[in-house]
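Everything on this sheet refers to the single structure shown next.
2 protein chains.
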Amino acid sequence: MSDVAELAGFSHQTVSRVLSGHPNVRPHTRARVMAAIQELGYRPNLAARALATGRTQTLGVVCLNSTLYGPASMLYAIEEAAQAAGYWVTTASIRAFDRTSLRKAIARLVDQKVDGIVVIAPLASAREVLDELPGDIPVVTVEGDSERSEALVRVDQVLGARLATEHLLAAGHKTVWHVAGPPEWLDAQGRVAGWRAALEAVGAEVVAPLTGDWSAESGYKAGQLLARIGELSAVFVANDPMALGVLRALHERGRRVPEDVSVVGFDDIPESAYYTPPLTTVRQNFDEVGLKSLQLLLDRIAGRVDGSRDVVVAPELVVRQSTAAPRSD
Amino acid sequence: MSDVAELAGFSHQTVSRVLSGHPNVRPHTRARVMAAIQELGYRPNLAARALATGRTQTLGVVCLNSTLYGPASMLYAIEEAAQAAGYWVTTASIRAFDRTSLRKAIARLVDQKVDGIVVIAPLASAREVLDELPGDIPVVTVEGDSERSEALVRVDQVLGARLATEHLLAAGHKTVWHVAGPPEWLDAQGRVAGWRAALEAVGAEVVAPLTGDWSAESGYKAGQLLARIGELSAVFVANDPMALGVLRALHERGRRVPEDVSVVGFDDIPESAYYTPPLTTVRQNFDEVGLKSLQLLLDRIAGRVDGSRDVVVAPELVVRQSTAAPRSD
DNA sequence: AGCCGTGCTGTTAGCGATAACAGACAAAAG
DNA sequence: CTTTTGTCTGTTATCGCTAACAGCACGGCT
Numbered sequence: 001m002s003d004v005a006e007l008a009g010f011s012h013q014t015v016s017r018v019l020s021g022h023p024n025v026r027p028h029t030r031a032r033v034m035a036a037i038q039e040l041g042y043r044p045n046l047a048a049r050a051l052a053t054g055r056t057q058t059l060g061v062v063c064l065n066s067t068l069y070g071p072a073s074m075l076y077a078i079e080e081a082a083q084a085a086g087y088w089v090t091t092a093s094i095r096a097f098d099r100t101s102l103r104k105a106i107a108r109l110v111d112q113k114v115d116g117i118v119v120i121a122p123l124a125s126a127r128e129v130l131d132e133l134p135g136d137i138p139v140v141t142v143e144g145d146s147e148r149s150e151a152l153v154r155v156d157q158v159l160g161a162r163l164a165t166e167h168l169l170a171a172g173h174k175t176v177w178h179v180a181g182p183p184e185w186l187d188a189q190g191r192v193a194g195w196r197a198a199l200e201a202v203g204a205e206v207v208a209p210l211t212g213d214w215s216a217e218s219g220y221k222a223g224q225l226l227a228r229i230g231e232l233s234a235v236f237v238a239n240d241p242m243a244l245g246v247l248r249a250l251h252e253r254g255r256r257v258p259e260d261v262s263v264v265g266f267d268d269i270p271e272s273a274y275y276t277p278p279l280t281t282v283r284q285n286f287d288e289v290g291l292k293s294l295q296l297l298l299d300r301i302a303g304r305v306d307g308s309r310d311v312v313v314a315p316e317l318v319v320r321q322s323t324a325a326p327r328s329d
Numbered sequence: 001m002s003d004v005a006e007l008a009g010f011s012h013q014t015v016s017r018v019l020s021g022h023p024n025v026r027p028h029t030r031a032r033v034m035a036a037i038q039e040l041g042y043r044p045n046l047a048a049r050a051l052a053t054g055r056t057q058t059l060g061v062v063c064l065n066s067t068l069y070g071p072a073s074m075l076y077a078i079e080e081a082a083q084a085a086g087y088w089v090t091t092a093s094i095r096a097f098d099r100t101s102l103r104k105a106i107a108r109l110v111d112q113k114v115d116g117i118v119v120i121a122p123l124a125s126a127r128e129v130l131d132e133l134p135g136d137i138p139v140v141t142v143e144g145d146s147e148r149s150e151a152l153v154r155v156d157q158v159l160g161a162r163l164a165t166e167h168l169l170a171a172g173h174k175t176v177w178h179v180a181g182p183p184e185w186l187d188a189q190g191r192v193a194g195w196r197a198a199l200e201a202v203g204a205e206v207v208a209p210l211t212g213d214w215s216a217e218s219g220y221k222a223g224q225l226l227a228r229i230g231e232l233s234a235v236f237v238a239n240d241p242m243a244l245g246v247l248r249a250l251h252e253r254g255r256r257v258p259e260d261v262s263v264v265g266f267d268d269i270p271e272s273a274y275y276t277p278p279l280t281t282v283r284q285n286f287d288e289v290g291l292k293s294l295q296l297l298l299d300r301i302a303g304r305v306d307g308s309r310d311v312v313v314a315p316e317l318v319v320r321q322s323t324a325a326p327r328s329d
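Protein chains in written order, with full-length UniProt numbering: chain H, 1 to 329; chain P, 1 to 329.
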């Protein structure tokens with residue numbers, strides 16, 4: 001930086017002012033400095049700036065399993081929007097569900113002095129950990145606990161599950177079975193709640209849900225069980241890959257979809273329109289969730305805390321060919 | 001830090017030595033300092049350390065489209081391994097194929113003074129950009145150009161495509177059609193080359209490949225075209241989601257798989273075992289690629305350049321139910 | 001006894017930027 | 001013509017840490 005100053009014939013402080021867009025710099029001076037920067041190929045040292053200002057222009061994202069479609073999409077949307085806003089993104093992936101690794105991940109980000117954190121860790125246990133956070137760092141939670149005082153962006157899982165279940169009930173099915181996600185996941189819990197609520201609203205029987213781990217394999221296993229149940233006519237599966245597994249298992253047992261059994265998924269991943277048959281599912285707009293959470297975070301960093309504290313994104317039912325009326329016999 | 005020093009009764013430099021694990025510190029002193037750190041809840045300032053040492057303990061990853069299964073898996077594997085090695089990971093996602101955004105992404109990482117970079121951008125154009133890189137920063141390329149002098153980790157795409165094609169030829173198919181990935185992608189190019197080589201080796205006809213964009217939708221469109229071709233008996237599709245689209249299109253036109261047409265995919269994503277029918281495909285071990293590339297990068301950071309410059313991971317054919325012998329008529 | 005090497009700790013000087021204050025000069029106000 | 005105000009630039013201190021050097025005590029050697 002002092003090289004630039006010398007070449008331009010000004011002090012390093014003036015160079016700093018040019019860089020930070022300070023108004024009180026003569027246009028002529030600014031031009032000279034810019035030329036010197038160009039000529040020397042100077043790039044400011046971000047570590048030094050971080051040390052001096054206390055800000056890093058970096059955001060942290062804590063993410064539970066970034067190979068799943070949902071988290072990966074949100075991560076991508078956040079990264080891109082952050083980039084556009086002049087921020088960096090550091091990710092802290094965690095594999096396990098436990099509190100310790102979540103705590104460690106957040107500690108890492110705090111150590112790195114990130115300017116804000118997005119937590120994509122829709123686990124019941126996340127709540128306690130977030131309560132331990134230093135209060136001076138803005139945090140936005142995605143799919144978190146709505147009782148937390150911090151900002152939150154979420155998809156209305158309960159609504160989505162109700163849309164799915166009501167769609168099946170409206171087609172004439174007496175009741176709807178459910179393959180749920182891991183019980184620790186808040187969105188899995190929400191989908192169970194919505195499914196249950198829809199059934200109870202019309203007095204339909206509520207059969208205990210099966211549980212998977214979001215993978216197609218776990219859906220397949222649940223499907224093998226379901227396929228043996230004669231009275232089965234409609235299933236709501238908590239995500240699309242598991243629904244794929246269910247479709248496969250039903251097919252292998254000779255239960256036709258949708259003639260014998262109707263299936264609804266959740267997420268609307270790009271592949272689900274090409275399953276056999278194309279899957280009726282509930283669309284979550286992950287890009288929007290990622291974008292909104294970033295906006296909220298930037299607002300908080302800028303001190304605009306007054307704005308909306310919670311953002312709820314509405315899911316949407318996408319009807320395809322895996323659902324139909326039950327057989328009349 | 002000086003607070004800790006004062007509380008422990010030593011100088012700040014001794015605290016620094018304890019933190020960095022310097023050998024010449026009396027155990028008693030070390031214990032006192034540690035206790036003081038504990039008591040004050042002291043956490044070192046990484047920006048200051050970065051400024052003083054010139055190292056950041058951060059790695060950069062440039063990633064082309066992190067919502068695809070392959071890149072997402074590698075990213076995840078890298079992130080986790082880096083974490084275990086005490087490094088942070090900053091991602092720079094790019095959406096477009098062009099040189100400018102790649103250049104910008106790398107510039108961002110260099111500005112941030114990352115200690116090393118992994119480039120997951122299997123594009124032909126990546127090569128030129130990488131040549132512009134400052135020579136003092138270690139770089140590992142994934143799926144890059146093997147003629148580059150830098151370190152490289154890749155899956156043998158040509159071999160994988162040959163395995164797939166030869167499997168179909170061995171089953172008795174006269175020739176194999178191909179749905180390729182975007183031509184700018186090096187792995188798409190490699191798969192075309194392997195497919196072509198396998199056909200030419202036995203003197204089979206080489207029909208010009210169709211092109212998709214890795215999505216199920218593009219595979220579906222290619223499949224609609226293929227389904228009209230009467231003589232079609234075997235297709236090799238450049239990735240699993242596109243293969244799903246092809247399966248769907250064939251099914252809609254009444255072409256049975258594998259009785260009428262055999263289909264082979266590429267990647268072995270977790271869902272492909274549950275497609276209708278379960279997909280014969282070529283497995284790439286993304287975790288291994290991610291891990292190996294990180295190891296290579298850490299080696300280079302540590303100055304161990306002597307070791308293997310290139311790592312080639314062998315893909316593996318996974319035979320499921322989407323392939324069979326051609327119809328005898 | 002004197003010297004030297006070794007183990008431990010403290011002092012000083014940066015790393016490369018920004019913040020706060022100070023000074024010079026020109027234009028506007030009294 | 002002096003005073004004030006405002007625009008522009010420079011000087012100095014500081015962020016929190018590590019590197020290099022210096023110093024001190026101690027034991028073994030000649």
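Using N, Cα and C, we set each Cβ at its ideal position, and we do this for glycine too.
Taking 7 Å as the threshold, the shortest C-beta distance from LEU186 (chain H) to chain P does not fall below it. Its chain contains GLN157 and VAL158 as the residues whose beta carbon lies nearer than 6 Å to that of GLY190 (chain P), once the 5 sequence neighbours on both sides are disregarded; these appear in chain order. C-alpha of PHE286 (chain P) to C-alpha of LEU68 (chain P): approximately 12 Å in a straight line. At least 7 Å separates the CB of ALA96 (chain P) from every CB of chain H. In this structure, VAL179 (chain H) sits away from THR165 (chain H), with a CB-CB distance that is not shorter than 7 Å.
In the DSSP assignment, ASP310 (chain H) falls within the unbroken beta strand (DSSP E) covering 310-313. ARG127 (chain H) does not reach chain P, its nearest Cβ partner there being about 23 Å away, counting only Cβ pairs nearer than 9 Å. Taking the C-beta atoms as reference points, VAL202 (chain P) is found no nearer than 7 Å to GLY219 (chain P).
Between the alpha carbons of MET74 (chain H) and THR276 (chain P) lies a distance of about 29 Å.
The beta carbon of VAL305 (chain H) lies closer than 8 Å to those of ASP299 in the same chain, with the five residues before and after it left out. In this structure the stretch 114-123 of chain P lies against the stretch 49-62 of chain P, because at least three pairs of beta carbons, one per stretch, are closer than 8 Å. Straight through space, the alpha carbons of LEU168 (chain H) and PRO326 (chain H) are spaced by roughly 9 Å.
The C-alpha of LEU19 (chain P) lies about 21 Å from the C-alpha of ILE301 (chain P). At a beta-carbon threshold of 7 Å, the residues of chain H lying near TYR76 (chain P) are SER66, THR67 and SER93, ordered along the chain. According to DSSP, PHE236 (chain H) shares a beta bridge with H:HIS178 and H:VAL264. Assigned with DSSP and collapsed to three states, SER93 (chain H) falls in strand. Listed by position along chain P, the residues whose Cβ is nearer than 8 Å to that of ASP111 (chain H) are ARG43, PRO44 and LEU46. The stretch 311-318 of chain H and the stretch 279-295 of chain H touch, with three or more beta-carbon pairs separated by less than 8 Å. Residue pairing by DSSP puts TRP88 (chain H) in a beta bridge opposite H:THR58.
Contacts between SER73 (chain H) and chain P, judged by CB atoms closer than 7 Å, involve THR67 in chain order. When the alpha-carbon of THR91 (chain P) is set against those of P:LEU102, P:GLN38 and P:ALA273, the nearest one is in P:LEU102. Per DSSP, TRP195 (chain H) has no beta bridge partner at all. Using a Cβ-Cβ cut-off of 7 Å, GLU79 (chain P) is close to THR91 and SER93 of chain H, given in chain order. Chain P places a beta carbon closer than 7 Å to that of GLU271 (chain H), counting this residue as a contact. For ALA36 (chain H), the enclosing alpha helix (DSSP H) covers residues 27-40. Look at GLY21 (chain P) here: in three-state DSSP terms it is coil, with no helix or strand label. Contact annotation: ALA249 (chain P) and GLY223 (chain P) have beta-carbon atoms nearer than 7 Å.
Burial check for GLU143 (chain H): the Cβ neighbour count within 10 Å reaches 16 or more, so the residue is buried. Taking a Cβ-Cβ cut-off of 8 Å, LEU250 (chain P) has no neighbours in chain H, whose nearest Cβ is about 11 Å from it.
Between ASP240 (chain P) and SER272 (chain P), the C-beta spacing is below 7 Å. Straight across, the Cα-Cα distance linking GLY194 (chain P) with THR29 (chain H) is about 60 Å. GLU80 (chain H) and ALA8 (chain H) have their alpha carbons spaced roughly 36 Å apart. Rounded to the nearest whole angstrom, the CA to CA distance from VAL237 (chain H) to ARG108 (chain P) is 42 Å. With its beta carbon less than 7 Å from one in chain P, GLY245 (chain H) belongs to the interface. Excluding sequence positions up to five before and after VAL192 (chain P), its CB lies within less than 7 Å of the CB of HIS178, ALA180 and PRO209, all in the same chain and listed in chain order.
For LEU109 (chain H), the enclosing alpha helix (DSSP H) covers residues 99-111.
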